Amino acid sequence: MLIRIPSELRWSDVTPRHVYANRRRFLASLAGAAVTPALLNAYAKQKLAPLKASSFSTSEPKTPYEAATTYNNFYEFGTDKSDPSRNAHTLKTSPWTISIEGAVSKPQKIDMDAIMKLAPLEERIYRLRCVEAWSMVIPWIGFPLSELIKRVEPTSNAKYIAFESLYDARQMPHAQGIPWPYREGLRMDEAMHPLTLLTVGMYGETLPNQNGAPIRIVVPWKYGFKSIKSINKIRFVDKEPQCSWKMLNAREYGFYSNVNPEVDHPRWTQSKERRIGELFRRPTTMFNGYGEHVASLYTGLDLKKNY
Ligand SMILES: Nc1nc2c(c(=O)[nH]1)N[C@H]1C(S)=C(S)[C@@H](COP(=O)(O)O)O[C@H]1N2
Ligand SMILES: [Mo]
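Each number in the working numbering comes from the position in the sequence shown (counting from 1) with 258 added on.
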């Protein structure tokens with residue numbers, strides 16, 4: 259679906275999440291009521307009205323919103339799946355800028371208002387397969403990352419893109435487990451691929467903090483950890499960039515991390531997955547089922563060595 263935000267609406271008006279959260283807590287404390295994370299988030303969400311469907315969307319049943327927003331990986335806010343929905347309300351998502359650096363003709367700091375004007379928003383219902391062998395189906399809202407890349411005019415030295423998440427210990431007192439800031443990377447052709455989505459919303463609304471507000475990447479043919487959340491830096495580079503999980507344990511987490519049922523994680527099988535909300539495991543498919551679109555990116559590459 260194509261989605262447009264009314265032009266007079268500014269991003270700072272769209273996501274005053276911290277303001278609402280604080281006000282809500284204040285009002286609730288006056289009333290003596292318990293404030294749940296769900297309540298805080300309810301005040302933060304803003305509708306993004308849908309316009310047009312995308313041919314990349316799966317018709318599989320969507321994961322219930324409740325599950326997709328309470329079962330998360332976002333180590334900045336704790337390592338337990340339920341931690342981000344409890345803790346991520348301290349993330350300040352407005353104002354927000356992404357710094358674009360490195361091998362580009364037009365390095366710049368771009369704020370959310372400018373990003374929202376780069377291209378019309380689409381809804382993309384994607385499968386997301388976590389390396390931990392669970393998966394979800396989520397209706398994301400965004401536009402191809404290639405739209406942003408074209409705007410900054412990469413030079414011939416731009417072979418890879420390095421992403422960084424915001425890291426601020428004051429906003430993230432529960433951060434633990436991996437080297438900060440959270441870092442990820444893609445090869446240039448992967449980043450330019452039309453499936454790679456620069457994502458600002460889900461389920462018809464702006465992203466909840468625990469899902470990577472205000473802006474993240476979703477790369478549906480790769481394990482979930484490649485889909486980096488709350489991005490504030492994008493650097494164009496000539497060498498394969500550092501990635502947090504690979505820095506932590508290169509044997510277990512590779513740079514490519516394409517979903518591949520034939521290459522097991524050293525500690526568990528990748529041949530099956532549990533769709534959140536389902537009882538039985540289902541077989542995992544090569545490239546998470548997106549092979550017809552992306553297999554050609556890896557012609558001649560040994561995917562067992564380049565896991
Ligand atoms: N900054 C940051 N991005 C991140 C992570 C993280 O811990 N920090 N976890 C990753 C992992 S392991 C997964 S599976 C997905 C989960 O996205 P979701 O919670 O929206 O389903 O986010 C990825 N992006
Ligand atoms: Mo993951």
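Ideal Cβ positions, reconstructed from N, Cα and C, are used throughout, including at glycine. Note that the coordinates shown come from a computational prediction; the quantities given were computed from them, not determined experimentally.
The segment 429 to 439 touching the segment 409 to 419, judged by at least three CB pairs closer than 8 Å: no
Who are the near neighbours of S343 in its chain, counting only those whose CB is closer than 7 Å to its CB and skipping five residues on each side? P295, T327, T328, N330, Q468
Could you tell me whether the Cβ atoms of A420 and R441 are closer together than 8 Å? yes
With a cut-off of 7 Å, give the chain-ordered residues whose Cβ is closer than this to any heavy atom of ligand 2. N331, C388, V389, E390, Y481, G482, F483
Would you mind reading off the limits of the beta strand (DSSP E) that contains E520? No beta strand (DSSP E) holds E520; DSSP gives it neither H nor E.
Report yes or no: do three or more beta-carbon pairs, one from the segment 445 to 460 and one from the segment 352 to 369, lie closer than 8 Å? no
Does the beta-carbon of T454 have 16 or more other beta-carbons within 10 angstroms, so that it is buried, or is it exposed? buried
State the DSSP-derived secondary structure class of T321, mapped to helix, strand or coil. coil
Heavy atom of ligand 1 less than 7 Å from the Cβ of G470, yes or no? yes
What did DSSP end up calling T348 once you bin it into helix, strand or coil? helix
Closer than 7 Å: is that where the CB of I534 sits relative to any heavy atom of ligand 1? no
C-alpha gap between F401 and D522, whole angstroms: 32 Å
Contacting residues, own chain, Cβ-Cβ under 6 Å from D496 (five flanking each side not counted): N415, K417
Taking three-plus beta-carbon pairs below 8 Å as touching, is the segment 503 to 511 in contact with the segment 459 to 468? no
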